[in-house]
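These protein sequence lines map, in sequence, to chains B and E. Once you know that position 21 of the first sequence is 21 in the working numbering, the rest is easy, because the numbers rise by one and skip nothing. Once you know that position 113 of the second sequence is 1113 in the working numbering, the rest is easy, because the numbers rise by one and skip nothing. Report on one structure; see the data block that follows.
There are 2 protein chains.
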Amino acid sequence: MGTHGIVLFGHGARDPRWAEPFERLAAKLRAARGATAGPVSLAFLELMTPDLPTAIAEQVAGGCVEITVVPVFFGQGGHVRRDLPNVIDVCRAAHPGVEIRCAGAAGEDDAVLDAIVQYCLQEAGNAG
Amino acid sequence: MGTHGIVLFGHGARDPRWAEPFERLAAKLRAARGATAGPVSLAFLELMTPDLPTAIAEQVAGGCVEITVVPVFFGQGGHVRRDLPNVIDVCRAAHPGVEIRCAGAAGEDDAVLDAIVQYCLQEAGNAG
């Protein structure tokens, strides 16, 4: 059985510090998956590198036969609904032997929203 | 003691469906705070309404004397580091009797990142 890679896909920004929580997220995910699991990479839609085709090509070159792309976006606007499927199609055509799956936006997940609720309560000091 | 409002501040997008998870987040936060707590509003940086000054003015008009703004962003780029503090300053000047606080980006919170890690593991089917 081949390796299963995960690519965390973010928007990208001009400020390099913007990527810090994505790096922390990737580190946490690597730790949670364990040392023998497949690679975890970052990829960006714009303004930062690598882009998604580059990140996927690197995972394929490294032996991945299955890749899950997780859009780390809060909303599902044009970027996730339109731009991303187009890029995924290009990647699938480039690597026909690799199963490339795309998850829904992480910010739509109920448990993620619940964690944000807890953060808001904490930041507001639970005041009524 | 006056009412404490929370404003969830997002980027905004052209596609109206982009706001759906923000509406769900606001509904969850209202439920978690309970019926007697202060208001929870959405506000956007661009492309969607209301903007932050409008949302804050509405909470002040409704009796809020304390308002916590939570940026619902994954990274802290120019929007959160530069644009948002400028808007917050304008709001503070407009409402000198109201305590307006600004939290860090929700996507930098460790528990939020942990929830995203769990989402990634689930979406990747925990494959190794």
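Glycine included, C-beta positions come from ideal geometry on N, C-alpha and C. The structure displayed is predicted, hence computed values, not measured ones.
- Residues of chain B whose Cβ lies closer than 8 Å to the Cβ of residue 1081(E) are, in chain order, 15 and 17.
- Our two residues, residue 111(B) and residue 1115(E), have alpha carbons roughly 6 Å apart in a direct line.
- Per the coordinates, the alpha-carbon of residue 1088(E) lies some 8 Å from the alpha-carbon of residue 1100(E).
- Fewer than three beta-carbon pairs drawn from the segment 1016–1026 of chain E and the segment 1056–1066 of chain E are found closer than 8 Å, and the two stretches are therefore not classed as touching.
- Here residue 14(B) has 47 as same chain residues with Cβ atoms under 7 Å from its own Cβ, once five neighbours each way along the sequence are excluded.
- For residue 99(B), the secondary structure class from DSSP, reduced to helix, strand or coil, is strand.
- Cβ-Cβ separation between residue 80(B) and residue 1074(E): approximately 13 Å, too far for a contact (criterion under 8 Å).
- Relative to the Cα of residue 10(B), the nearest Cα in the group 107(B), 91(B), 123(B) and 125(B) belongs to 107(B).
- The beta carbon of residue 25(B) falls within 7 Å of a beta carbon belonging to chain E, placing the residue at that interface.
- Residue 1007(E) is a Cβ neighbour of residue 1043(E), given a cutoff of 7 Å.
- Annotation: the continuous beta strand (DSSP E) that includes residue 1066(E) extends over 1064–1071.
- For the segment 92–110 of chain B, the beta-carbon criterion of a distance under 7 Å to any beta-carbon of chain E is satisfied by 103, 106, 107, 108 and 109.
- Chain B has no Cβ within less than 7 Å of the Cβ of residue 1043(E).
- Scanning its chain for C-beta atoms nearer than 6 Å, with the 5 sequence neighbours on each side dropped, one finds around residue 69(B) the residues 7, 9 and 102, in chain order.
- By alpha-carbon distance to residue 1012(E), the top candidate from 41(B), 65(B) and 76(B) is 76(B).
- In this structure residue 5(B) touches residue 39(B) by the C-beta definition: roughly 5 Å separates them, less than 8 Å.
- For residue 40(B), there is no enclosing alpha helix (DSSP H); the enclosing beta strand (DSSP E) covers residues 40–44.
- Within chain E, the C-beta atoms nearer than 7 Å to that of residue 76(B) come from 1017 and 1018, in chain order.
- For residue 45(B), the closest of 35(B), 30(B), 83(B) and 67(B) by C-alpha to C-alpha distance is 83(B).
- DSSP, reduced to helix, strand and coil, places residue 1003(E) within a strand of the structure shown.
- Residue contact check for residue 1124(E) against chain B: a CB pair falls below 7 Å.
- Under the 10 Å beta carbon count, residue 90(B) is surrounded by fewer than 16 other beta carbons and is classified as exposed.
- Scanning its chain for C-beta atoms nearer than 7 Å, with the 5 sequence neighbours on each side dropped, one finds no residue around residue 93(B).
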